[in-house]
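Structure record follows, encoded as C-alpha cells.
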Amino acid sequence: MSRQQDKLDLAARAAWLYFVAGKTQNELADQLNVSRQVAQRLVATAVERGLVKVTVHHPVADCLSLAEQLQARFGLTMCEVVPYDQDSPAELQRKLAVAGARVFERYLDVPEPRVVELGSGRTLKAIIDEMAELSCPQHRLVSLIGTIAHDGASNRYDVALPASEKTQSQYYLLPAPLYADSAEDRTQWCQHRLYRVVESMSRRADVAFIGIGTIDDGCPLQADGFLGAEEISALKSQQAVAELIGRPIDARGELVDSPVQQRVTSLALDRPPRRPLIAFAVGERKAAAILAVLRGRWLSGLVTDEACARYILVHSNALA
C-alpha cells in the first residue's frame, strides 16, 4: 500500500465519519487525532476524488462500520479494520503494518515524554519496519516480555531494540527468559533488581502495543522454541486458544491455570487496562484468539482485518 493510497484511505475514513456517522468536524478531528483544519481538508479531498456520493464509495467504509460495531460490542476506545480482498498472508500483514505504523506514529510523534510498553512478535516487528524514522529521544520504550528461549537463544522478533533505533528513544529490555524453568525459578527472576527497575517503569506507562498469539500446533511459541509440543498439547486440552505476552488464555478470555502460566515472567497486564492497550493481529488463523482476548476485556484498542472483524461479530455471543 503506497503512501498516496494510505492518504486516500484516511480521506475516505474522514468522509464516512462526517457524512455517514454524522460526526461534527471537532469530533472528526478528535477521533482521527488531527487538527480541525486537517480534518476539513481530508473531507474535501474525499469529495474532490469522487469518494462521496450518497454514501462513501470506498472499501474502507465497510471497515469503518465494522470497527464501530467492535468498539460498541467490546467497549473499545479505538478500533481500526483494514480491508480484506482475498489477500495472501504477506499482503494482509503489509496492510496491517501500514495501519499499525500510523497508530504507533500517532502516539510517538509528540513532544511530551512518554513511556511506551512493547510486546514482541512478527506483527509488531512488521509495524516497526513500516514506521517512518522519528526523532523521539524523550521517550522510553519498555519491553513487556522476556525474549530468551529455553535454550538461551534470543527471539529474533523482539521489537524494543529496532523500535529504539527507528525513534532514537531509550529502551529497556526485561532481563528474564519468557518462561522460567519452574514457578520457584520465576520468583527468583522477578525479584532481581533490574527486573524490578523495568517493572517500576512499566507502571508509569502511557500506552502499550502488543500482538495476539495463538495456542495451536506449530504456533510461534512452539516454532520459536519457547514451548514444546507436549506443553502446547496440554494447554489445548485446557481450552487455551490465545496468548498475550506469553500468558495462555481460554476461549472465555480467562487466564488458563497451568504450569506454563506459573512460569511466565512477562509484566502483568491490568484488566481492564489502566492505560491505552492496543493489540494488532490479522489473519483467519487468529480470529478465535482475537475473539477470546476481546471477551476477556484485556484491550482498549484493536487493529485487525475485515475477515477477522466479521468472524468476531458473528461468533461473539457463542462460546467455542
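Note that the numbering used here gives residue 136 to position 151 of the sequence shown, counting from 1, and the numbers run on in steps of one. The beta carbon of each residue, even a glycine, is placed where N, CA and C say it ideally should be. Everything numeric in this text was worked out from a predicted model, so none of it was measured.
**Q.** C-alpha distance - T40 paired with A46, whole-angstrom precision
**A.** Legend: pLDDT at T40 = 45, less than 50; position of this residue unreliable, value from coordinates given subsequently. Cα to Cα, the separation comes out at about 9 angstroms.
**Q.** A75 versus S167: straight-line alpha-carbon distance, rounded
**A.** 37 angstroms
Q: Please name the residue in D235, D290, V127 and A303 whose C-alpha comes closest to that of Y69.
A: Taking only the C-alpha atoms, the option nearest Y69 is D290.
Q: Look at the alpha carbon of R280 and the alpha carbon of G60, and state the distance between them as a whole number of angstroms.
A: Whole-angstrom Cα-Cα distance: 10 angstroms.
Q) What separation, rounded to the nearest whole angstrom, lies between the Cα atoms of A0 and P257? A) As the crow flies, the alpha-carbon of A0 is around 32 angstroms from that of P257.
Q: Measure how close the beta-carbons of A273 and V226 come, nearest whole angstrom, since I'm counting them as under 8 angstroms.
A: 5 angstroms
Q. Taking C-alpha atoms, which residue in Q224, A111, Q247 and R58 lies nearest to D170?
A. Q247
Q. Does DSSP put Y92 in a helix, a strand or coil?
A. helix
Q | For F194, three-class secondary structure by DSSP | A | When DSSP states are grouped into helix, strand and coil, F194 belongs to the strand group.
Q. What did DSSP end up calling I297 once you bin it into helix, strand or coil?
A. helix
Q) Which residue from T250, R178 and L163 puts its Cα closest to that of L212? A) Checking every option, the nearest Cα to that of L212 belongs to L163.
Q. Leaving out five residues before and five after V241 in sequence, what residues of the same chain have Cβ atoms less than 8 angstroms from its Cβ?
A. L220, Q223, Q224, A225, P233, I234 and D235
Q: Kindly indicate which three-state DSSP category T40 falls into: helix, strand or coil?
A: For T40, the predicted structure reports a pLDDT of 45, less than 50, and the residue's modelled location is therefore unreliable. A value from the coordinates is still provided. It is coil, neither helix nor strand.
Q.
Taking 8 angstroms as the cut-off, does the segment 146 to 156 touch the segment 181 to 189 (at least 3 CB pairs, one atom from each stretch)?
A. no
Q: Let me know if P98 comes out buried or exposed under the rule of 16 or more other beta-carbons within 10 Å of its beta-carbon.
A: exposed
**Q.** Counterpart residues of V127 in DSSP-defined beta bridges
**A.** E102 and Y157.
Q: Within the same chain, show all residues whose beta-carbon is closer than 8 angstroms to that of A6, passing over the 5 residues directly before and after it, in chain order.
A: Around A6: L49 and E53.
(Q) Can you check which of these residues, V144, A86 and T132, is closest to A165 by C-alpha distance? (A) T132
Q: Have a look at Q22 and A57 and give me their C-alpha separation to the nearest angstrom.
A: 28 angstroms
Q: Less than 8 angstroms between the CB atoms is what I'm expecting for V278 and G85, so what's the real figure, rounded?
A: Not really, about 16 angstroms apart at Cβ, beyond 8 angstroms.
Q. In three-state terms, what does DSSP make of E169?
A. Helix at E169.
Q.
Tell me the DSSP secondary structure of I234 in three-state form.
A. strand
Q: Evaluate the contact criterion for the segment 105 to 115 versus the segment 85 to 96: three or more CB pairs, one atom per stretch, below 8 angstroms.
A: yes
**Q.** Straight-line gap, S251 to R26 (C-alpha atoms, nearest Å)
**A.** Distance between the alpha carbons of S251 and R26 is about 43 angstroms.
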